[in-house]
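Positions 2 to 251 (the working numbering) are the ones given, in order, by the sequence shown.
Cβ atoms here follow ideal geometry from the backbone N, Cα and C, with glycine treated the same way.
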Amino acid sequence: MSCTNHDGVNYWNDNKSDYLEESLESVDFESPKQQDDIFDNYSGRPPWYDSSGKMKEPYVVGLCGGSASGKTTVARKIIERIKVPWVVILSLDSFYKVLTKEQHEAANKMEYDFDSPNAIDLDLAIETLKKMKTGKTVKIPNYDFTTHTRLENNFTIVYGANVILVEGLMTFYCKEFYDLMDLKIFVDTDSDLRLCRRVMRDMEQRGRDLSSIILQYSRFVKPNFDKHISQTINLADIVIPWSYRQLLYI
């Protein structure tokens, strides 16, 4: 797939705490009580169908930002705030490509570029999101960052959702993917903070040592952020500057 950056999207960075809530309140979700009634009266029909039996297309929120910017944390805060049942987080981390033997050897030596758009199977991510928007059951791959492998015959099965939160480095990179989203959010985090958080995460969760993390950051992470991610802030409907205080107002 050949994906390019996009023009013509207005930059919106007025940090109004009501904007996200108003955007989601405009969507006609069933209340939890209404959903219980649907299950009782319509033979277990999923709650992303209305009372007449017509499927309601899920509302898709895209979250973009640099590595360790806090995208997943923001996604969870959004879930807490909107209080809508049947919300799914779709992470692009699940769609890293299966590596060849040579690529796997390079990855073990910190010589493979995981931060390039080419490292992600965007075709599969797009296909998966399209299916989810039409209410189809999907199998989302599970990726092991310790071994750099997509786990064989190991999937997360998703049956449907009212809201889909899509998060990842390249969420706004490809127009075909971007156009599937109803609301776009960019998490803008200071580069020093992102590096510190990445170091802590990779050492604690992925078994990396400090020297390899710094090498990977300088060789791949920062150059790819500058080239492919930083300018996509201009595509966002909302820009969230990262701080604890800002998170309180999501």
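Identity of the residues DSSP links to residue i by a beta bridge
{"i": "L64", "result": "E168, I186"}
{"i": "P242", "result": "D189"}
{"i": "K140", "result": "I158"}
{"i": "R151", "result": "Y144"}
{"i": "S92", "result": "E168"}
{"i": "I121", "result": "Y97"}
Neighbourhood of residue i by C-beta, 6 Å cutoff - its chain only, sequence neighbours within 5 removed
{"i": "D189", "result": "V240, P242"}
{"i": "Q232", "result": "none"}
{"i": "F221", "result": "D114, D116"}
{"i": "I80", "result": "V88"}
Rounded Cβ spacing between residue i and residue j (contact assumed at less than 8 Å)
{"i": "W87", "j": "N163", "result": "4 Å"}
{"i": "F178", "j": "L91", "result": "Actually they are not in contact, since the Cβ atoms of F178 and L91 sit about 11 Å apart, beyond 8 Å."}
{"i": "D183", "j": "V62", "result": "7 Å"}
Proximity to residue i [Cα-Cα], best of the options
{"i": "D203", "options": "K110, F146, L236", "result": "F146"}
{"i": "V99", "options": "H229, R207, L184, T148", "result": "T148"}
{"i": "E128", "options": "K228, D180, R77", "result": "D180"}
{"i": "V139", "options": "E153, G161, P118, A108", "result": "G161"}
Beta carbon of residue i nearer than 7 Å to that of residue j
{"i": "A237", "j": "I186", "result": "yes"}
{"i": "S95", "j": "Y60", "result": "no"}
{"i": "A69", "j": "R199", "result": "yes"}
{"i": "G67", "j": "F226", "result": "yes"}
{"i": "I214", "j": "M171", "result": "no"}
{"i": "E168", "j": "K102", "result": "no"}
{"i": "M111", "j": "Q217", "result": "yes"}
{"i": "I165", "j": "V89", "result": "yes"}
Neighbourhood of residue i by C-beta distance below 8 Å, restricted to the same chain and skipping five residues each side
{"i": "K223", "result": "S192"}
{"i": "R207", "result": "F146, T147"}
Cutoff 7 Å; reference residue i; Cβ partners in own chain excluding five residues on either side
{"i": "P142", "result": "S95, F96, R151, F156"}
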